[in-house]
Amino acid sequence: MSEKSKIFLSGVVEGFYGRPWTMNQRKELFRREQKWGLNTYLYAPKDDYKHRMYWRDLYSLEEADQLITLISAAKECNVEFIYAISPGLDITFSNPKEVSALKRKLSQVSEFGCRSFALLFDDIETEMCPADKEAFGSFADAQVSVTNEVFQHLKEPQVFLFCPTDYCAAFCTPSVQLSKYLNTVGEKLNPGIDVLWTGPKVVSNDISVASIEEVSAVLRRPPVIWDNIHANDYDPQRLFLGPFKNRPTELIPKLRGVLTNPNCEFEPNFVAVHTLATWCKSSSGQKDVSMDGEDQGSDYIPHDALRLALTEWLVEFGKADQPDGSRSRSGRSKREASEEEPMQTDGYVPGPKDNPLYTAEPLTLEDLNLLSELFYLPYEHGPTAVTMLKELHWLRDNSDAATTGDITTECERVKEWRQRAVRFDEMCAAVVQMFNRLSNVPNRLILYDLYNYICDIKSGVLLARAFVKTLGGGTPHPAMIINDNPEPWGFRGGLSGEFQRMLPCHGNRDLFRIPPATRMYTIRPNTAEDQPEVMKLFKEMNTETQQTVELIGDRLVQGDVHPTQNCSLILEDSSGICGYVFALSDAKTAMTKAQYPEAMLSDYPSVMTVQIHPKVPDPTATKRLIEQVLSSLRESGSKGVYIEFRSNDRRMMDFLKTLNFFQVLRFEGLPANLVVMGTKL
Ligand code: GDL
20 MSEKSKIFLS GVVEGFYGRP WTMNQRKELF RREQKWGLNT YLYAPKDDYK
70 HRMYWRDLYS LEEADQLITL ISAAKECNVE FIYAISPGLD ITFSNPKEVS
120 ALKRKLSQVS EFGCRSFALL FDDIETEMCP ADKEAFGSFA DAQVSVTNEV
170 FQHLKEPQVF LFCPTDYCAA FCTPSVQLSK YLNTVGEKLN PGIDVLWTGP
220 KVVSNDISVA SIEEVSAVLR RPPVIWDNIH ANDYDPQRLF LGPFKNRPTE
270 LIPKLRGVLT NPNCEFEPNF VAVHTLATWC KSSSGQKDVS MDGEDQGSDY
320 IPHDALRLAL TEWLVEFGKA DQPDGSRSRS GRSKREASEE EPMQTDGYVP
370 GPKDNPLYTA EPLTLEDLNL LSELFYLPYE HGPTAVTMLK ELHWLRDNSD
420 AATTGDITTE CERVKEWRQR AVRFDEMCAA VVQMFNRLSN VPNRLILYDL
470 YNYICDIKSG VLLARAFVKT LGGGTPHPAM IINDNPEPWG FRGGLSGEFQ
520 RMLPCHGNRD LFRIPPATRM YTIRPNTAED QPEVMKLFKE MNTETQQTVE
570 LIGDRLVQGD VHPTQNCSLI LEDSSGICGY VFALSDAKTA MTKAQYPEAM
620 LSDYPSVMTV QIHPKVPDPT ATKRLIEQVL SSLRESGSKG VYIEFRSNDR
670 RMMDFLKTLN FFQVLRFEGL PANLVVMGTK L
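In the working numbering, the protein residues as written are 20 to 700.
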């Protein structure tokens, strides 16, 4: 079959880990695909027994019935049903019985009416068993040999896909071009078989034309993109409701197809699939399909595609669907009650002094837009989410303005802080309102797929809201107070959350805020030989502040107090030492008198000093440096750390604020000439 006559495969791969979709959901998917102009469905649910783990087992009569119905449902919608099998967990490629088992299984599926197939070798062990090592020159040879044989056994189907084990650039050693594995696939895989590819990474932020040209040259055919941009099976707290994005439509003529492997939850994929369909319909895509050379429409704009998808999705929320199927998909109810008559009233009319009936506000397009922005894309939050994060950062870093009593001198800052706190509160309220409206929608099917996520974000937002209230001197609801003994929702994420908080950066998503570093820095332990240079930096940075007060931090730098193990690090660039951090796990051991309030030392028992030369332009390296010492302190068992500096050291104040690690501490009895900032560990 010539390249030209092959249609562009567009649609969905059910290829995620976890609970597979139901037959009804798949049929609904086919209807949507047809409506939106998509043409392919790849059946590859990782945790379906007979797709992967028990791939040799034939389908029972009952299962066969279901698959037959499914395959014919796809046909009715003009959707190409591709049946995939993943034998890679335990197949012995060189054993003829194994190859026969594979052929037998696929022949059975072909008897169900299926015409298109795929062999998937993703996420498997790459070490071959001794028998395969003897029989094949390489892993790629083993896979290609079996795949070619099965392809021929099935009489060379028009659509036959192969998923390599190295299915993205990041997996290729040493590179895509030089990958022995991919080159073997390119040379030896039957040219009638197409190859799946996820892009530069498993979850690719963007897929460039150049990257596709590169891999196509090695594979000797244009790949079919298996797109994980909306996949969420790797993190139970994430859902992706942003538009298909960062794939230029110029890719379309260079690809054999695009299949999206979306969220595990079926209903929220409305956006993922709809926006992919819009992308496929863009001018670049149309040009290649229709040969009349006319531009068929404007190019793809993710924001507009999202709006279009959300507008259509909003209508779905209004349909009274129940998980038990008590309303048919066509919108006609199987129940007697009519849509207009809410069940709970049941003829009850409250008296003038009774409680009025609870009425559900209808969901709005803006609610859906907000929802999408809070659960956007794997490498990008939506604009509203970014604003909320930025505002919370600012409110936290400028919280000294919130509680300052001196309204006259700091009038503008105080006013600004209060205004921005109110604005933040309103944004939080909008999230809660969106949650309330969503939880009242007639379509319970969609709601239940979204429920865990919207509940999670609502709680997160409520905690942030309560925190800002506390910063402003208010008292939030007791359930929302974060102290030493919060309610369980105050320390979210269970054990996994605890692990995350122990990782560098407190698991902070700095990814979303800080541009990549542009210079090379070395972070290394401080040694005795560094002392002169460290002192030089110390003196240079402290010329303007009078050193009338003796600080433990200064003594750590000068070598009079010994830092805790792994708590003295140097930041160095090509011109020498440009920063340092020293810390002492138990600050009391260095105190000559009771300098600080007990309450503070019990929450923040460690002390740290840090100095970074202003010539270090971006904060990334500095943050790493500090994170490492914070990690070591945490390992030493410390609960919190403080940094002290002289109150006239404005530069230090600004510097620490921009880092976002530390907050100004306010304890009764702190020396007036010092500022103390701290962070819990
Ligand atoms: C993968 C898996 C896929 C999974 C996805 C996201 C491919 C080819 N395979 O690596 O099953 O859903 O990551 O976790 O993408």
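Just so you know, even glycine gets a beta-carbon here, dropped at the ideal spot from N, CA and C.
- When the five nearest sequence neighbours on each side are left out, the beta carbons in the same chain lying within less than 7 Å of the beta carbon of Asn388 are those of Leu329, in order along the chain.
- Distances from the CA of Arg134 to each of Asn202, Leu61, Val204 and Val163 were compared; the closest alpha carbon is that of Leu61.
- Assignment of Lys69 by DSSP, reduced to helix, strand and coil, places it in the coil class.
- Not one heavy atom of ligand 1 is found less than 7 Å from the C-beta of Lys46.
- When secondary structure is reduced to three states using DSSP, Gln630 falls in the strand class.
- Here Phe510 is exposed. Its C-beta has fewer than 16 other C-beta atoms within 10 Å.
- In this structure, Ala440 places its C-beta atom within 8 Å of the C-beta atom of Gly491.
- With a threshold of 16 other beta carbon atoms within 10 Å, Val204 meets it and is buried.
- Within the model, the alpha-carbon separation for Val243 versus Gly211 is close to 13 Å.
- Relative to the non-hydrogen atoms of ligand 1, the Cβ of Val221 comes within a distance shorter than 7 Å of at least one.
- Counted as a single uninterrupted DSSP element, the beta strand (DSSP E) harbouring Glu33 occupies residues Leu28 to Glu33.
- Between Tyr599 and Val165, the alpha-carbon positions lie close to 58 Å from each other.
- Here the distance from the Cβ of Ala103 to the nearest heavy atom of ligand 1 is not below 7 Å.
- One alpha carbon belongs to Leu522, the other to Ser515, and they sit about 11 Å apart.
- The closest CA to that of Val695, considering only Arg538, Leu590 and Ile662, is found on Ile662.
- Under the DSSP assignment, Lys699 falls in the beta strand (DSSP E) whose first and last residues are Leu693 to Lys699.
- Across the structure, Lys607 and Val648 are spaced so that their CA atoms are roughly 18 Å apart.
- Under the three-pair Cβ rule at 8 Å, the stretch 95-103 counts as touching the stretch 45-61.
- The beta carbons of Ser587 and Ser657 sit no closer together than 8 Å.
- The closest heavy atom of ligand 1 lies 7 Å or more from the beta carbon of Gly30.
- Taking the Cα positions, Asp67 is about 8 Å away from Arg38.
- About 5 Å separates the beta carbon of Ile101 from that of Ala137, a gap short enough to meet the 8 Å contact definition.
- Residue environment: Arg71 is assigned as buried (16 or more neighbouring CB atoms within 10 Å of its CB, all protein chains considered).
- In the DSSP annotation of this structure, the continuous segment of the beta strand (DSSP E) that includes Arg665 starts and ends at Gly659 to Arg665.
- Taking a cut-off of 8 Å on C-beta distances, the stretch 165-179 does not touch the stretch 226-241, as fewer than three cross pairs fall below it.
- Taking the CA atoms as reference points, Leu620 sits about 38 Å from Arg538.
- Its Cα nearest to that of Asp622, the residue Lys699 stands out among Lys699, Phe664, Gly578 and Phe681.
- Scanning its chain for C-beta atoms nearer than 6 Å, with the 5 sequence neighbours on each side dropped, one finds around Gly107 the residues Phe140 and Ile143, in chain order.
- For Leu570, the closest alpha carbon among the candidates Ile596, Ala602, Thr541 and Ala485 is that of Ala602.
- Taken in chain order, the complete beta strand (DSSP E) segments of 3 residues or longer contained in the stretch 266-292 are 276-279.
- By the C-beta density criterion, Lys264 is buried, having at least 16 other C-beta atoms within 10 angstroms.
- Under the Cβ criterion (8 Å, minimum of three pairs), the stretch 485-504 does not count as touching the stretch 465-472.
- Cβ contact annotation for Cys447 (same chain, cutoff 6 Å, sequence separation greater than five): Val480 and Arg484, in chain order.
- Per DSSP, Trp55 lies in no beta strand (DSSP E); the unbroken alpha helix (DSSP H) holding it starts and ends at Met42 to Trp55.
- Excluding residues up to 5 positions away in sequence, Thr203, Val204, Lys207 and Leu208 lie with their Cβ nearer than 7 Å to the Cβ of Val163 in the same chain.
- Unbroken beta strand (DSSP E) stretches of 3 residues or longer found wholly inside the stretch 56-123: 59-62 and 99-104, given in chain order.
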